[in-house]
Amino acid sequence: MASRRPVSILIAALGGQGGGVLTEWIVGAAAHAGYPAQATSIPGVAQRTGATTYYVEVFPERAEPGGPEPVFSLYPTPGDVDVIIASELLEAGRTIETDYASPGRTTVIASTHRLFSIAEKSAPGDGVFPREALEAAARALSRRFVGFDGLALARRHQTEVNALLLGALAASEAVPMTAADFEAAIRDGGVAVDRNVRGLKAGVELVAAGPDDGEAPRRDRPWANVKAERASGLGARGAAFLTLAARAEAELPEPLHAVLGEALARLVDYQDARYADLFLERVRRMRALQPGDRLTRVFARRLAVWMTYEDAIRVADLKTRRGRFERIRRENAAPEGSVLVVTDYLKPDLDELYGILPAAIGGPIARWAERRWPDGRPTIGQQVRTTTVLGFLRVWLLARLRALRPSSLRRQREFALMGRWEETVLMAAPLDENLACEVAELGNVVKGYGEVRRRLSGALARFLDDTARPALEADRRAGAGFARSIDLIRAGRLHLLSDEKG
Amino acid sequence: MGHGRAQLRAPLPKRPPAFCTGCPERPVFSALKIAQRELGETHVAADIGCHAFATLPPFNQGNTILGYGMSVASASAVAPSFDRRVISILGDGGFWHSGLTAGVANAVFNKQDSIVVVLENFYTSATGQQANPSSGKNPRGDAVSMSIAETIRSLGVSWIKTVNPYRVADTLKVIKDAMTTATGGLKVIIARAECQLERQRRVKPETAARLKAGGRVEVPRFGVDPDVCTGDKSCMRFNGCPSLTLKESPDPLRDDPVAHVDATCVGCGLCGEVAHAAVLCPSFYEARVVHHPGAWARGLATARRRVIGWLQPA
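Have a look at this one:
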């Protein structure tokens, strides 16, 4: 007996995600099987969505009355854990990061779905921690890794993630209790018994069925199919789009067809074929200076998104489309016979309204408004019921003003800054492809609406004139490559996007 | 030691605890953050309770925590050294525990010109929804009615405003008024709404039962139009709701993820209110599914859809 050690189980979870219940089930199952067990938790974070852990030790021999009692530990020790159960992938990673898993010993059972942390959610650009790194680390530093998308499976089996994890634990044979013991623990708990037993069984089957290859990796559909779909989505303007796409395909190599085609479809949808042609012209000019596909791709994507800047007309258009209401119905699983009421939170500020006007009229108003309200413009807040006829009409009519766009003040202003950005890319293009790509990426800085967009636009204009161009010039004169400019411009872009105040 | 870190290459993002989905305290800190963005930052004395989570990202509101119910007392100590009014946060638990005497009464006695925000959510929630004098009943279930507003008024405070925290624009206006008014003395803002955790425990089974019986049920949930969202993430910085998350952009030309409201949303409306109050973007909408709406409402909806359908190309 002296040589036996407890089986140690570390449970990593988010407060409110069922880690506490999972712990109770394990302890309950141990009691049912007659094994002494002890569990500890960190109080105060239940239901609070923060990272939390629970720790269980189960002694794998049945207690004898009057016999010696095992001594349990309150805390897990790095490298000394038999089983790690994680209700979410980042939390599995956290136990790996802190070295609780050991390759010779630990079974890691984890749901591979992600719930993003606030840092990931508010990071500029794509701040999500790479999932591949988490899974690879869990595999490399465990004896066995059992991973499955618990959230998707729970939805499919109408159960909970923690019940699935419990089933996987039962089937892993890493603990002395059997599935029958776990089921008894669920029944003793008496809460949502059917739902949880269903999850337990599904979890057992999941492990018995062997490693899952995961969902089929997402394959990009062939561009020809997507193109046909885009053309039919454009209705009467579909033919014009196809003509433009054919021209782009004749001029430029195959790897660029999908990006250029998507861009053209977007521009035709946004305005018309002439507008899309303007885009193609600018792509050609860039390509003449730097024939690399990489620059053409980055520049085309950023330019297309910028040229289709979200003015009030665009927003109104997107908000009144048939497909949008169908999507909302689907996402909310609105059953047959139910009524869907959609309320849109619209609050254009003055800039966005006089932006629609022709520059000759909007310009003086803008100058006056900028003097009158130097920081922040007044807004017209509206909560519009777009599922009522009058509410819908209000937004729909705004979307009909597309003809005003080419002469609008907003277009003049967007194109002015876009032009400054494009000039800088054109400066960089003949010098160095990496440098030009980095400058082209700056096109991604201007986003958002109202004050956010104004702030980012102003910051980009200053960055281009005061930092990017001088740095580029300095590197060119020094003649020792552009590594410095590239680093500076990349750092600048991330800084511009992350700064709350600009 | 250190194998894990080496294998993962970069440190993992932290996951601090946060307010529950639909919590009535979160919108108060959204408003407080917007107010400070507009008027400049000031000292915020936090307290013990769920609202202490506001000291963490994304709000980062709260410079000190002294003890349970001690925020106003601690703010009294530092207020004279600030050129702006300082703000103290108190939960109803903290208020009744000691905030009333050590904090509010002391501040009135010393004629302190500052602001107290009381979050009245009817339970001592952080430790598990224990009853307190704001709950309406004591732990034995006897009805008790004790009012924070009346209690404070009886001490001689006249600037007392009660707000519905879910109306962020209203709360924001009241906070800005409190910061800028010429009226001296203590200004008390009471943000009153039931703890959402407790509310959901009550409402969920009721709703399920009504649905099953074929009764009329409205289920509100918020959403983001993924083609209107530009992925600037400014909404995240004023919100932090667990149900407001990210998803891959459906747009083949963008690579940054867009905001997304997942199925755990309880429809409190904060995301729309914040987008409105902070003038962020037009991406948010409320989708309210009316189950078993009745013949008249169903007919009206069908007629509306038909008329709207005429204006929408297929």
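Just so you know, the protein sequences line up as chains A and B, in that order.
Residues in the first sequence are numbered consecutively from 1, following this note's numbering.
Residues in the second sequence are numbered consecutively from 1001, following this note's numbering.
Every residue gets a Cβ at the ideal spot worked out from N, C-alpha and C, and that includes glycine.
(message) Mapping the DSSP letters down to three states, classify A/D375 as helix, strand or coil.
(response) Residue state for A/D375 is assigned as coil, using DSSP reduced to three classes.
(message) Let me see if you follow: with CB-CB separation under 9 Å, is B/I1308 close to chain A or not?
(response) So, interface residue.
(message) Within a Cβ cutoff of 6 Å, which residues of the same chain sit near A/G214, ignoring the five residues on either side of it in sequence?
(response) In this prediction, A/G214 scores a pLDDT of 49, lower than 50, which makes its location untrustworthy; no coordinate-derived value is stated.
(request) Could you spell out the range, first to last residue, of the alpha helix (DSSP H) harbouring A/E414? (result) L409 to A428
(message) Let me see if you follow: with CB-CB separation under 9 Å, is A/R156 close to chain B or not?
(response) no
(request) Report the residue from A/R324, A/P348, A/A334 and A/I356 whose alpha carbon sits nearest the alpha carbon of A/P406. (result) A/I356
(request) Return the CA-CA distance between B/D1255 and A/F116, expressed in angstroms with no decimal places. (result) 17 Å
(request) Using the DSSP secondary-structure output, state which residues sit across from B/Q1196 in a beta bridge. (result) Per DSSP, none; premise fails for B/Q1196.
(message) Judging by CA-CA distance, which residue of A/K347, A/A403, A/R372 and A/L409 is the nearest neighbour of A/G381?
(response) A/K347
(request) Rounded to whole angstroms, what's the CA-CA distance from B/S1234 to A/A63? Just pull it up for me. (result) 58 Å
(request) May I ask you to list, following chain order, the residues of the stretch 1224-1244 of chain B that have a beta carbon less than 8 Å from some beta carbon of chain A? (result) Here the close residues are D1225, D1227, V1228, T1230, G1231, D1232, K1233, S1234, M1236, R1237, G1240, P1242 and L1244.
(message) Checking 9 Å against the spacing of the C-beta atoms, do A/P65 and A/P6 come in under that value?
(response) Going by C-beta atoms, A/P65 is not nearer than 9 Å to A/P6.
(message) If you reduce the DSSP assignment to three classes, tell me which class A/P364 lands in.
(response) helix
(request) Look up A/T159 in the DSSP assignment and say whether it is helix, strand or coil. (result) Here A/T159 sits in coil by DSSP.
(message) Can you pull the chain B neighbours of A/F145, defined as C-beta to C-beta under 8 Å?
(response) Within chain B, no residue comes near A/F145; the closest Cβ sits about 13 Å away, beyond 8 Å.
(message) Residues of chain B with CB closer than 7 Å to the CB of A/F463, please, in chain order.
(response) Those do not exist, as A/F463 stays about 17 Å from chain B at its closest Cβ, beyond 7 Å.
(request) Spell out a yes or no on whether the stretch 1216-1223 of chain B and the stretch 1135-1149 of chain B are touching, meaning 3 or more CB-CB pairs, one atom from each, closer than 8 Å. (result) no
(request) Could you name each continuous beta strand (DSSP E) segment of 3 residues or more that falls completely within the stretch 72-104 of chain A, going from the start of the chain to the end? (result) 83-86
(message) Could you tell me the alpha carbon to alpha carbon distance between A/A276 and A/R314, rounded to whole angstroms?
(response) Roughly 16 Å separates the two Cα atoms.
(request) Taking C-beta pairs closer than 7 Å, name the residues in chain A that B/V1252 reaches, listed in chain order. (result) In the sequence on display, residue 1252 of chain B carries Pro and not Val. Here the neighbours are E262.
(request) Throw me the rounded Cβ distance for the A/F241 and A/L264 pair, which I believe falls under 8 Å. (result) 6 Å
(message) Does B/V1118 pass the burial test, meaning 16 or more other C-beta atoms within 10 Å, or should it be called exposed?
(response) When all chains shown are included, B/V1118 counts as buried.
(message) Threshold first: 3 residues or longer. Then list the beta strand (DSSP E) segments lying entirely within the stretch 171-206 of chain A, N to C.
(response) Under the rule that a run must span 3 or more residues, no beta strand (DSSP E) segment is found entirely inside the stretch 171-206 of chain A.
(message) By the three-class DSSP mapping on this structure, what secondary structure does A/R4 have?
(response) coil
(request) Compute the distance between the beta-carbons of B/G955 and B/I1048, then report whether it is under 9 Å. (result) Since the first residue shown for chain B is 1001 and the last is 1314, residue 955 of chain B is missing from the structure and cannot be characterised.
(request) May I ask you to report which of helix, strand or coil DSSP gives A/D487? (result) helix
(message) Just verifying my parser: in three-state terms, what is the DSSP assignment at B/P1013?
(response) coil
(request) Please check if any C-beta of chain B sits within less than 9 Å of the C-beta of A/E331. (result) yes
(message) I'd like to check one pair, A/F145 with A/E135: are the Cβ atoms closer than 9 Å?
(response) yes
(message) I need the straight-line Cα distance from B/P1027 to B/K1247, nearest angstrom please.
(response) A straight line joining the alpha-carbon of B/P1027 with that of B/K1247 spans about 23 Å.
(request) Just list the alpha helix (DSSP H) runs in the stretch 1091-1148 of chain B, keeping only unbroken ones of 4 residues or longer that don't cross its boundaries, in chain order. (result) 1106-1109
(request) Assign A/I118 to one of three DSSP states: helix, strand, or coil. (result) helix
(message) Between the alpha carbons of A/L141 and A/F463, how many angstroms are there, rounded?
(response) 44 Å
(request) Compare the C-beta of A/Q271 with all C-beta atoms of chain B and state if any pair is closer than 9 Å. (result) It does not; no Cβ of chain B falls within 9 Å.
(message) If distances are taken between C-alpha atoms only, which option among A/A123, A/D349, A/E262 and A/S41 comes closest to A/L234?
(response) Nearest of A/A123, A/D349, A/E262 and A/S41 to A/L234, Cα basis: A/E262.
(message) So, at 6 Å on beta carbons, what are the nonlocal neighbours of A/Q412 in its own chain, with the 5 sequence-adjacent residues on each side left out?
(response) A359
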